[in-house]
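Residues in the sequence shown are numbered from 3 upward in steps of one, following the numbering used here. A quick write-up on the structure given underneath.
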Amino acid sequence: DYTVHEGGRVYASVAVANREPNRDDFTETTPESRPTSEQLIDYEAGYECRSGRLAVGLNGYYMDYSDQLVLTGQLNDVGAALRTNVPESYRAGIELTWAAQLTQRLLWKGNATWSRNRIRNYTEFVDDWDTGEQLTFTYNETPIAFSPDWIVGSELGFTIWNKPDRGRADLTLVTKYVGKQYLDNSGSDARKLDAYLVNDLRLNLSLTSLASLAHIDLIVTVRNIFNELYENNGWSYSFVEGGTRQEFVGLYPQAPRNLLAGVVLRW
3 DYTVHEGGRV YASVAVANRE PNRDDFTETT PESRPTSEQL IDYEAGYECR
53 SGRLAVGLNG YYMDYSDQLV LTGQLNDVGA ALRTNVPESY RAGIELTWAA
103 QLTQRLLWKG NATWSRNRIR NYTEFVDDWD TGEQLTFTYN ETPIAFSPDW
153 IVGSELGFTI WNKPDRGRAD LTLVTKYVGK QYLDNSGSDA RKLDAYLVND
203 LRLNLSLTSL ASLAHIDLIV TVRNIFNELY ENNGWSYSFV EGGTRQEFVG
253 LYPQAPRNLL AGVVLRW
């Protein structure tokens, strides 16, 4: 960590983490197929700057995995899905964060991440319904499942009023964009989640010194205000029948426009 000028700093770090297989990895495997722990070495470097009404941060990272645990489609003797170690995989990307006081009442905060998430060499196991065996498919530099290349978030907040003796009220437009992501590690467009953009509108109302109450916080959020139809999770199962690869794909649709409200009372 080094201060390069007033309000600006650069930093770099290297971190190591290890994760053991979970209980299912032990109970659903044999000693011959039992996975080992995965290791991560995380390299990061960045720059942060604050000047007047603007704060900006830029961070780059490279996450180098050894023996990362992933689902491959392989099954044990009773049909349970197995996780196995892939020797080499990585996540590399750039993160941008910002906060800008556009006017006395208007504040814009956000973050954007672009990343490349890949398994260097990957073997997929697919059931062959014609023979009862499993076929193998090999991929190089294939995308890691549920790892979108783009994630962007934004909060545009407007202060309706702010009085120290009465409280304050803020209205915020919350926007989130998530890029395309795959349901398995094959990188097939037949088994993917489409990109989506969702907006929420949130009202924060804070009142002070009301009768016997010291503080009241009211939060009302209209979620998915533009009624976007999207899915943010799912599953897939591939098989071969009659010499042709086929798949079942299940998606979890999210709620259309809906309302969420909460209140906090403090004495």
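Glycine residues also receive a C-beta, built at the ideal position from the N, C-alpha and C atoms.
- For PHE139, same chain residues with a beta-carbon under 6 Å away, outside a window of 5 residues either side, are GLU126 in chain order.
- Nearest Cα to PHE241 within the set ASN235, PHE250 and GLU233: PHE250.
- CA-CA distance, ASP196 to LEU98, rounds to 23 Å.
- Residue range 25-29 is occupied by the alpha helix (DSSP H) that includes PHE28.
- In the structure shown, GLN256 adopts coil according to DSSP, grouped into three states.
- Taking each of SER39, ALA94, ARG247 and GLN106 in turn and checking the Cα distance to ARG122, the smallest one comes out for ALA94.
- In this structure, GLU8 is the residue among ALA47, TYR13 and GLU8 with its C-alpha nearest to the C-alpha of SER53.
- It is roughly 31 Å from the alpha-carbon of VAL154 to the alpha-carbon of ASN24.
- Here the region 214-225 does not lie against the region 183-195, with fewer than 3 beta-carbon pairs under 8 Å apart.
- Spanning the alpha carbons of ASN119 and ARG36 requires a straight line of approximately 25 Å.
- Per DSSP, PRO145 is one residue of the beta strand (DSSP E) stretching across 136-145.
- For SER211, DSSP records no beta bridge to any residue.
- A distance below 8 Å between beta-carbons, with the five flanking residues on each side excluded, links VAL18 to the following residues of its chain, in chain order: GLN41, LEU42, ILE43 and ASP44.
- Counting other Cβ atoms within 10 Å of its Cβ, THR74 reaches 16 or more and is therefore classed as buried.
- A buried status is given to ALA147, since no fewer than 16 other beta-carbon atoms sit within 10 Å of its beta-carbon.
- ASP132 and ARG247 have their C-alpha atoms roughly 11 Å apart.
- Only buried fits LEU84, as 16 or more other CB atoms lie within 10 angstroms of its CB.
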